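Colleague:
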Amino acid sequence: MSLKTAKTWSIRLITVLLFFVSFYFSHVFLQSYTGTGKPPAPSKTACDGWMMSKKWEALGFNVSRNTQLFLRLGDFFWKDCSSSLPLPYGIKGSEAYLLKVLASAASYRMPDSVKSSLCRTCVVIGNGFSIKNSSLGGAINKYDVVIRLNDAPVRGYEDDVGNKTTMRFFYPESASSNPGVHNDPDTLMVLVPFKQQDLRWIKEILNDEKRERKGFWKPPPQFWLGNPKQLRILDPFFLHQTASRLLNIPLKPKSNQNPVHPTTGILAIYVALNFCDMVHVAGFGYPGSRNPKQPIHYYGQDTMKSMKDSYHDLSHEADAIKRLEDSGAILLLSHPS
Numbered sequence: 001m002s003l004k005t006a007k008t009w010s011i012r013l014i015t016v017l018l019f020f021v022s023f024y025f026s027h028v029f030l031q032s033y034t035g036t037g038k039p040p041a042p043s044k045t046a047c048d049g050w051m052m053s054k055k056w057e058a059l060g061f062n063v064s065r066n067t068q069l070f071l072r073l074g075d076f077f078w079k080d081c082s083s084s085l086p087l088p089y090g091i092k093g094s095e096a097y098l099l100k101v102l103a104s105a106a107s108y109r110m111p112d113s114v115k116s117s118l119c120r121t122c123v124v125i126g127n128g129f130s131i132k133n134s135s136l137g138g139a140i141n142k143y144d145v146v147i148r149l150n151d152a153p154v155r156g157y158e159d160d161v162g163n164k165t166t167m168r169f170f171y172p173e174s175a176s177s178n179p180g181v182h183n184d185p186d187t188l189m190v191l192v193p194f195k196q197q198d199l200r201w202i203k204e205i206l207n208d209e210k211r212e213r214k215g216f217w218k219p220p221p222q223f224w225l226g227n228p229k230q231l232r233i234l235d236p237f238f239l240h241q242t243a244s245r246l247l248n249i250p251l252k253p254k255s256n257q258n259p260v261h262p263t264t265g266i267l268a269i270y271v272a273l274n275f276c277d278m279v280h281v282a283g284f285g286y287p288g289s290r291n292p293k294q295p296i297h298y299y300g301q302d303t304m305k306s307m308k309d310s311y312h313d314l315s316h317e318a319d320a321i322k323r324l325e326d327s328g329a330i331l332l333l334s335h336p337s
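Anchor point for the sequence shown: position 46 equals 46 in full-length UniProt numbering, and the numbering is continuous, going up by one each time.
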């Protein structure tokens, strides 16, 4: 055999070996989640794995890790907005509020430390009772991006939920008056505007204007001690896509129907799928117990009764999360052994 032929066969052999090594590691990684074993640490190997790359095909809709997540002042300056829907699925009619909010907020960018990662490993932490006594805190802190929801506390629950927070999704009624208590100094506070009053609220906060209390199902904080430099406004495009493509719920319900909107939890999962290479979730799902006094969160005493009149279809969202899990798009963190 000539030297040239030998080199050619060597290159082919190495390529085949690398493929099988990648396949093996990704297969082992996925299999480790099928039981109740200890969740493996997120790794570059897992992101490169052949099976992980297949998740994009399984989703059936376009997502891209380069998608701009937050609204920018330039989206409204010197041009007319093409949005045809009002909040929560578009910005029609809210442009004036957005201009003032985005002019007051310092930035719309993602920190370079997060954006530059070659393999973005993300975990979305739901507020469900299932994460209580899970001892997942150490595993959660190892992810590049940790997304939390609403006013869910961290202090006092570190063993189960960790203490790292990269982004926190919230809206006025779910806001904490002092975000510094349960977040890191560099946590991005991501406002999810469901209605025009939500933008009015943050405008009044940022500009220290007279607060208007009407239009909220629960009184939001009258003072918000968050850092404006860490504030971001999520593009309603993601709520639109979560509703229309992931949940298949009508954007314009019939006159005799109450509107149904995605929860911040399922929204955060969809955003993570657009931004991250690997998406894991924990703390999702409500208790199956018929006991009306059964708590639904890992904190506090709220029960399923408190969700009775909400604008969410929780069983429908549970089915959607199960489909994402079955397709390999997300992985559910289990309790460590």
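Each residue gets a CB set at the ideal place from its N, CA and C atoms; glycine is no exception. Every value quoted in this text rests on a predicted model; they were computed, and no experiment measured them.
Could you give the distance in angstroms between the alpha-carbon of residue 85 and the alpha-carbon of residue 92?
Modeller: Rounded to the nearest angstrom, the two C-alpha atoms are 5 Å apart.
Colleague: Quick check on the burial criterion: 16 or more other C-beta atoms within 10 angstroms. Buried or exposed for residue 168?
Modeller: The residue in question, residue 168, is buried, as its Cβ has 16 or more Cβ neighbours within 10 Å.
Colleague: What is the DSSP secondary structure of residue 147, reduced to helix, strand or coil?
Modeller: DSSP places residue 147 in strand when its eight states are reduced to three.
Colleague: Tell me the DSSP secondary structure of residue 154 in three-state form.
Modeller: If DSSP states are grouped into helix, strand and coil, residue 154 belongs with coil.
Colleague: Quick check on DSSP: helix, strand or coil for residue 69?
Modeller: Coil at residue 69, not helix or strand.
Colleague: Fully enclosed by the region 166-210, which beta strand (DSSP E) runs are 3 residues long or longer?
Modeller: Segments of the beta strand (DSSP E) lying fully in the region 166-210: 167-170, 188-191.
Colleague: Excluding five sequence neighbours on each side, which residues of the same chain lie with their C-beta closer than 8 Å to the C-beta of residue 301?
Modeller: Closer than 8 Å at Cβ, skipping near neighbours: 295.
Colleague: On the DSSP bridge assignment, give the partners of residue 282 in chain order.
Modeller: Its beta-bridge partners are 125.
Colleague: So, at 8 Å on beta carbons, what are the nonlocal neighbours of residue 94 in its own chain, with the 5 sequence-adjacent residues on each side left out?
Modeller: Within the same chain, residue 94 has close Cβ partners 86, 87, 193, 196, 199.
Colleague: From what residue to what residue does the beta strand (DSSP E) around residue 232 run?
Modeller: Residue 232 -> beta strand (DSSP E) spans 231-233.
Colleague: Evaluate the contact criterion for the region 274-282 versus the region 134-151: three or more CB pairs, one atom per stretch, below 8 Å.
Modeller: Yes, the region 274-282 is in contact with the region 134-151.
Colleague: Suppose you measure from the CA of residue 243 to the CA of residue 323; what does that come to, to the nearest Å?
Modeller: Distance between the alpha carbons of residue 243 and residue 323 is about 15 Å.
Colleague: Alpha helix (DSSP H) containing residue 270: first to last residue?
Modeller: Its alpha helix (DSSP H) spans residues 264-275.
Colleague: Quick one, are the C-beta atoms of residue 228 and residue 206 less than 8 Å apart?
Modeller: Yes, the Cβ-Cβ distance between residue 228 and residue 206 is below 8 Å.
Colleague: What is the DSSP secondary structure of residue 295, reduced to helix, strand or coil?
Modeller: Correct three-state label for residue 295: strand.
Colleague: Sort out for me which residues DSSP pairs residue 303 with in a bridge.
Modeller: Answer by DSSP bridge pairing, in chain order: 295.
Colleague: Use the C-beta contact count for residue 115: other C-beta atoms within 10 angstroms, 16 or more gives buried, fewer gives exposed.
Modeller: Counting Cβ neighbours within 10 Å, residue 115 comes out exposed, since fewer than 16 surround it.
Colleague: Is DSSP giving residue 102 helix, strand or coil here?
Modeller: Helix.
Colleague: Going by the beta-carbon positions, is the gap between residue 147 and residue 166 smaller than 8 Å?
Modeller: Yes.
Colleague: In the DSSP assignment, find the unbroken alpha helix (DSSP H) run with residue 323 in it and report its ends.
Modeller: Element bounds for residue 323: 314-327.
Colleague: Please classify residue 220 as buried or exposed, where buried requires at least 16 neighbouring CB atoms within 10 angstroms.
Modeller: Per the 10 Å Cβ criterion, buried.
Colleague: Rounded to whole angstroms, what is the Cα-Cα separation between residue 239 and residue 292?
Modeller: Near 30 Å, if we compare the C-alpha coordinates of residue 292 and residue 239.
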